[in-house]
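Residue numbers (the numbering used here): 603 to 705.
Report on one structure; see the data block that follows.
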């Protein structure tokens with residue numbers, strides 16, 4: 603992807619809110635109990651939702667820090683992500699690049 607040609611959507615806030623509402627409907631509809639597609643891959647729903655929560659918290663924190671805003675995550679959500687993170691940060695998941703960068 604060419605980052606130089608990127609332009610933010612005209613209504614980024616509206617798009618984020620619409621995505622959050624869609625995610626909420628999916629969760630209430632039992633998404634955790636069935637396979638979900640993220641990109642080109644299908645995975646168990648509970649794993650996919652754990653990944654979405656983890657990404658939201660990690661990048662939410664990044665954005666808050668970068669823009670000088672406060673970031674606070676509900677304790678239960680933070681704990682879920684702490685439990686999930688080791689699976690995402692494994693050598694198997696990150697591949698050869700992470701092994702060569704490790705001391």
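All C-beta atoms, glycine included, are put in the ideal place defined by N, C-alpha and C.
Using 8 Å for Cβ pairs, my map puts residue i next to residue j. What's the rounded Cβ distance?
| i | j | result |
| --- | --- | --- |
| residue 682 | residue 662 | No, residue 682 and residue 662 are not in contact; Cβ-Cβ is about 14 Å, not under 8 Å. |
| residue 678 | residue 672 | The pair is not a contact, with the Cβ atoms about 19 Å apart (cut-off 8 Å). |
| residue 647 | residue 636 | 5 Å |
Does the separation of the CB atoms of residue i and residue j fall below 8 Å?
| i | j | result |
| --- | --- | --- |
| residue 633 | residue 659 | no |
| residue 638 | residue 645 | yes |
Grouping DSSP H, G and I as helix and E and B as strand, with all else coil, what is residue i?
| i | result |
| --- | --- |
| residue 638 | strand |
| residue 553 | The requested residue 553 does not occur in the structure, where the chain is confined to residues 603 to 705. |
| residue 692 | coil |
Please name the residue, chosen from the options, that lies closest to residue i on a Cα-to-Cα basis.
| i | options | result |
| --- | --- | --- |
| residue 689 | 671, 674 and 649 | 649 |
| residue 687 | 607, 657 and 675 | 657 |
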